[in-house]
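For the sequence shown, the UniProt record's numbering assigns the number 411 to the last residue and increments by one with no breaks.
Backbone N, C-alpha and C fix where the C-beta goes; we use that ideal spot for every residue, glycine too.
Bear in mind that the values here come from a model prediction, so they are computed numbers and not experimental data.
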Amino acid sequence: MTGKNDWLLIPNLLDEALARTPAPSCGGGFEIWKRDITGIMCWLRYLSRDAEAVNVCTRWSEEPGITPAQRSNNASLFSSTARYVLSLPPDTAKAYAIGLLYRAPGLVDDIQTGRFGAEYQPTAEQLRQQEAQREARQQEFEARQQEQELATQKQRQKAYADAMRIYGKGNADPDAVRATPYWREKEKAAGFPLPVPEGIRCGSPRMFLPVVGPVYWNRSVIVPLHVISEYLQLGHVSIEVICGTANPPASRTGDKRGLKGGLRQGAFFPINLDKARHNLPLVIVEGLMTGIAVSLMTGGKLPIICAMSCEFFSNVIDELQIAYPVSPFYIIGDVGAGHRKAADLATEKGRAEIYAVDLEPCLPEQEGADAFDMLARHGVDNGMVLLRSMFRTARLARGDATVSPSSSVNP
């Protein structure tokens with residue numbers, strides 16, 4: 001797709017691609033439709049026709065019976081997609097456009113066999129202008145990126161200062177943490193007192209944390225978030241706040257928030273990290289309570305790493321590999337999206353040794369259920385047996401049935 005004949009420049013090719021590709025809203029699904037309008041806008045950007053993007057996507061997406069509300073929603077999505085496309089590096093935008101071209105039924109074959117666009121040969125002047133436009137867009141993109149990075153850096157510095165201030169004011173007494181509404185709620189579900197990992201703090205009834213607008217949380221659990229520092233040690237970079245009581249009651253106990261601008265993607269909360277050794281496994285989970293549950297069901301013998309979301313599993317693994325480059329990773333994602341993300345990472349080539357532990361056999365048809373739900377349903381002892389079986393199943397899925405992750409997984 002590169003070189004002398006740039007297919008994306010063939011006159012009327014985009015129109016032909018759209019004619020052969022019906023709008024997926026007619027039955028193909030929202031995600032496919034969103035992908036294709038991104039491809040259309042990227043193609044128009046490549047042709048220096050950015051101003052036409054919204055109109056072209058609107059015409060392509062129109063269908064009989066569309067309501068004014070649907071048309072308004074579409075317009076909002078088109079505007080946000082157009083902004084997103086302008087922020088893409090030129091090569092990435094071109095890749096989206098090429099993807100749309102290849103999805104148009106039979107179009108690539110027609111180009112290759114000369115049935116479409118055979119007469120098109122871009123002139124040297126056209127190619128020169130196209131290259132100049134690409135270079136100008138690249139310079140604009142780099143300048144925009146630099147501005148965004150500077151703004152992000154300032155925001156992150158403020159978030160870091162706020163995190164240290166809030167965490168410094170927090171109460172480190174385990175009894176105070178256990179007295180928070182969130183902790184009491186979880187202990188009631190588990191049926192027994194839950195250990196408070198080192199580093200967890202809480203806000204007092206008089207410690208009101210601003211969340212969104214005029215909403216404040218108090219009696220919240222404060223979770224410190226860490227990364228691996230340049231000295232291969234834990235570096236405290238931010239916090240996550242778990243709602244105790246919302247004032248006014250616009251949030252629920254257990255709702256979670258990070259600080260605006262604070263680092264979250266590769267940050268984590270560790271439990272039993274002193275048990276970590278080179279070549280031995282690290283267990284990655286979603287959320288604090290899931291980590292506590294897994295720690296209990298492994299007898300406290302394995303290091304547990306609490307990511308703040310399954311979307312950050314990959315980032316957390318990259319961070320941990322700085323200090324533990326040869327350790328395997330066992331990911332215990334929540335049922336559904338969390339496990340799918342873990343399974344994708346486990347099969348990704350060139351990644352670390354990753355095992356995806358599936359909880360669904362013990363929590364069938366419970367989208368979003370996690371290891372804490374497993375603990376609450378089965379208890380520590382039965383959960384330990386079940387988890388051991390799930391670890392073995394995860395190894396079998398990778399064709400590795402002989403190597404135990406650690407004797408500590410078989411308590």
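- Under the three-state reduction of DSSP, residue 246 is assigned to strand.
- The three-state reading of DSSP puts residue 181 in helix, counting H, G and I together.
- Taking residue 293 as the centre and dropping the five residues before and after it, the same chain places the C-beta of 371, 372, 375 closer than 6 Å to its C-beta, in chain order.
- Sorting 296, 163, 179 by C-alpha distance to the C-alpha of residue 384 places 296 at the top.
- Contact between residue 335 and residue 394 is ruled out by a C-beta separation of about 15 Å, above the 8 Å threshold.
- Residue pairing by DSSP places residue 225 opposite 238 in a beta bridge.
- Cβ neighbours of residue 259 within its own chain (closer than 7 Å, five residues either side excluded): 159, 162, 163, 238, 239.
- Using a 10 angstroms sphere on the CB of residue 282, the tally of other CB atoms reaches 16 or more, which defines it as buried.
- The segment 304-320 makes contact with the segment 268-277: 3 or more CB pairs, one atom from each, lie closer than 8 Å.
- Only residues of its own chain outside the window of five on either side were considered, and among them 329, 345, 346 have a CB closer than 6 Å to the CB of residue 354, listed in chain order.
- One thing to note: residue 199 has its Cβ no nearer than 8 Å to the Cβ of residue 218.
- Cβ atoms of residue 35 and residue 107 stay farther apart than 8 Å, at about 17 Å.
- As the crow flies, the alpha-carbon of residue 124 is around 31 Å from that of residue 105.
- Contact annotation: residue 308 and residue 186 have beta-carbon atoms that are not nearer than 8 Å.
- Annotation for residue 341: the continuous alpha helix (DSSP H) segment containing it runs 337-346.
- The alpha-carbon separation between residue 54 and residue 111 amounts to approximately 27 Å.
- Scanning its chain for C-beta atoms nearer than 7 Å, with the 5 sequence neighbours on each side dropped, one finds around residue 102 the residues 108, in chain order.
- With a contact defined as Cβ atoms closer than 8 Å, residue 23 and residue 33 qualify at about 6 Å.
- At a cut-off of 4 residues, the continuous stretches assigned as alpha helix (DSSP H) that sit fully inside the segment 294-377 are 313-323, 337-346.
- Partner residues in a beta bridge of residue 198, as assigned by DSSP, do not exist.
- A straight-line Cα-Cα distance of about 5 Å links residue 268 and residue 226.
- In this structure, residue 95 lies away from residue 46, with their beta-carbon atoms at least 8 Å apart.
- Here residue 216 carries a strand assignment [DSSP, helix/strand/coil].
- Under the rule that a run must span 4 or more residues, the alpha helix (DSSP H) segments found entirely inside the segment 77-113 read 90-103, 107-112.
- Shown here, residue 271 sits in a strand according to DSSP, grouped into three states.
- Counting along the chain, the unbroken alpha helix (DSSP H) around residue 39 starts and ends at 30-46.
- Of the residues 193, 48, 196, 209, the one whose Cα lies closest to the Cα of residue 129 is 48.
- DSSP lists no bridge partner for residue 16.
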